Amino acid sequence: MKRVSLVILTALLCFSCDPTSVMDANIENTTAQNLSITFVSAEFTDLNKTFEMESKETILYQEGFSTTGGFLEVSLDGVDSVYITNTSNEILKVYKPETTGRNIFEIGDYWESSTPSKRFYQYDYQITNTDIEQ
321 MKRVSLVILT ALLCFSCDPT SVMDANIENT TAQNLSITFV SAEFTDLNKT
371 FEMESKETIL YQEGFSTTGG FLEVSLDGVD SVYITNTSNE ILKVYKPETT
421 GRNIFEIGDY WESSTPSKRF YQYDYQITNT DIEQ
């Protein structure tokens with residue numbers, strides 16, 4: 321009887337544990353100059369963010385957590401545009417969802433993705449010299 325109770329208790333503990341998923345989305349400034357990257361949303365002001373990035377610095381843009389254990393992906397839903405400026409506040413690049421070519425909004429094409437461990441999703445976007453050349 322003890323053995324049956326122990327097996328039932330162990331099974332209940334295993335089935336009651338929900339798997340969790342974690343996601344990190346990083347943006348790296350690979351250029352030789354300090355930059356600002358600003359995410360703008362007219363509709364959702366809580367999505368408006370500005371990050372100051374020194375040369376060769378990486379920042380955590382977005383992190384996610386799911387208690388269902390499902391797949392997580394970086395999202396720019398609700399963001400209207402992304403501005404990259406230099407320290408003189410000169411706009412070097414503007415990304416919009418419809419921008420052709422290399423575009424931060426194109427998650428599958430221009431973000432590197434990996435799964436370093438089970439249910440941990442890593443996304444990396446690099447700002448390069450070609451992004452900011454005028």
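Heads up, the sequence shown is in this note's numbering, so the first residue is 321 and it goes up one at a time.
Where is the CB? At the ideal position from N, CA and C, for every residue including glycine.
Predicted model, so just to flag it, every value in this text is computed and none were measured.
Among the options, which has the Cα closest to the Cα of residue i?
i, options, result
"residue 423", "396, 367, 377", "396"
"residue 372", "385, 355, 362, 400", "355"
"residue 428", "416, 445, 451", "445"
"residue 384", "340, 430, 452", "340"
Cutting at 6 Å between CB atoms, please list the residues of its own chain near residue i, excluding the five before and the five after it.
i, result
"residue 378", "346, 348"
"residue 448", "350"
Please state the DSSP three-state secondary structure of residue i.
i, result
"residue 379", "strand"
"residue 389", "coil"
"residue 448", "coil"
"residue 370", "strand"
"residue 420", "coil"
Taking the beta strand (DSSP E) that residue i falls in, what are its first and last residues?
i, result
"residue 411", "411-415"
So, at 7 Å on beta carbons, what are the nonlocal neighbours of residue i in its own chain, with the 5 sequence-adjacent residues on each side left out?
i, result
"residue 364", "398"
What residue does the alpha helix (DSSP H) around residue i start on, and which one ends it?
i, result
"residue 427", "427-430"
Are there 16 or more other CB atoms within 10 angstroms of the CB of residue i, so buried, or fewer, so exposed?
i, result
"residue 404", "buried"
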